[in-house]
Amino acid sequence: MGIFEDRIEEIGKKFDFRKYRRETKSVLLKLKKEVSEKIRNRKETTRKILQEANRLAIAHMMEKVAEMEQTTLQQQKKQIEEKILEAMKIFEDHLKACDVKYDQWEWKRTEQELEEIKHTLLQNMEQQEVRRREDQLQEQQEAIDRLEENLRRERRNRNDRCPLL
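Residue numbers (UniProt numbering): 1 to 165.
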């Protein structure tokens, strides 16, 4: 035999291949467990991130809708005030056209009546807005509850199918 063959045989006698295989298998099992744990953690983290993103998106959307509604309410108030000014102008123009003299008392009384109408309209609008927002919040809460229930049901189904994930 050559020098190399002798050396290989000598190394083979000193080296226990069975022990090496056992150690390799245990290392591979440990790595497999670590990888599956990291995957499980990553899935859980991803799920949490998605839930939080979903909640943030819904909150942002609700905030924008509320801003739009507030703008609409302010525009409606402005329109009511403009209509009252137009009504006062029509009142004044009609009296002038008919060549009727009016005193301050009549002017004040008409102005007061229009202000009362304006106040009532604004109050009704605000009450309707509050009721509509309460209804909308209740609907949104019900939708969130349904989504959370669906998520819990999906988790239970997933755990039933694959308990390790």
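Virtual Cβ for every residue (Gly too), placed ideally from N, Cα, C. Note that this is a predicted model, so its numbers are computed, not measured.
Practice task
Please look up how many angstroms separate the CB atoms of E139 and L73, rounded, as I've assumed it's under 8 Å.
Solution key: The distance from the Cβ of E139 to that of L73 is about 19 Å, inconsistent with a contact at the 8 Å cut-off.
Exercise for the section: Measure the Cβ-Cβ separation of I80 and L114 and say whether it is below 8 Å. Expected result: Not closer than 8 Å, so no.
Handout entry: Cα-Cα separation, S26 to R47
Key = Approximately 31 Å between the Cα atoms of the pair.
Handout entry: Within the stretch 55 to 139, ranges of the beta strand (DSSP E) (whole runs, at least 3 residues)
Key = Counting only runs of 3 or more, we get nothing.
Practice task
To the nearest angstrom, report how far apart residue 194 and R109 are at their CA atoms.
Solution key: Nothing can be reported for residue 194, as the shown portion of the chain is limited to 1 through 165.
Exercise for the section: Starting from the C-beta of L121, find all residues in its chain whose C-beta is less than 7 Å away, skip the five residues before and the five after it, and write them out in chain order. Expected result: Cβ-Cβ distances below 7 Å link L121 to I80 in the same chain, with the five nearest sequence neighbours on each side left out; the list follows chain order.
Problem - Distance CB(M88)-CB(E67) smaller than 8 Å - result: Not closer than 8 Å, so no.
Handout entry: For E37 and Q127, the rounded distance between their alpha carbons
Key = When rounded, the distance between both Cα atoms is 54 Å.
Handout entry: Close beta carbons around V119, own chain, < 8 Å, minus the five adjacent residues each side
Key = Here residue 119 is His; the residue named in the question, Val, does not match the sequence. Here the set comprises nothing.
Handout entry: Proximity winner among N150, A97 and I144, relative to residue 167 (alpha-carbon distances)
Key = Since the displayed the chain opens at 1 and closes at 165, residue 167 lies outside it and no answer follows.
Practice task
Express the C-alpha separation of E52 and R155 in angstroms, rounding to a whole number.
Solution key: Straight through space, the alpha carbons of E52 and R155 are spaced by roughly 17 Å.
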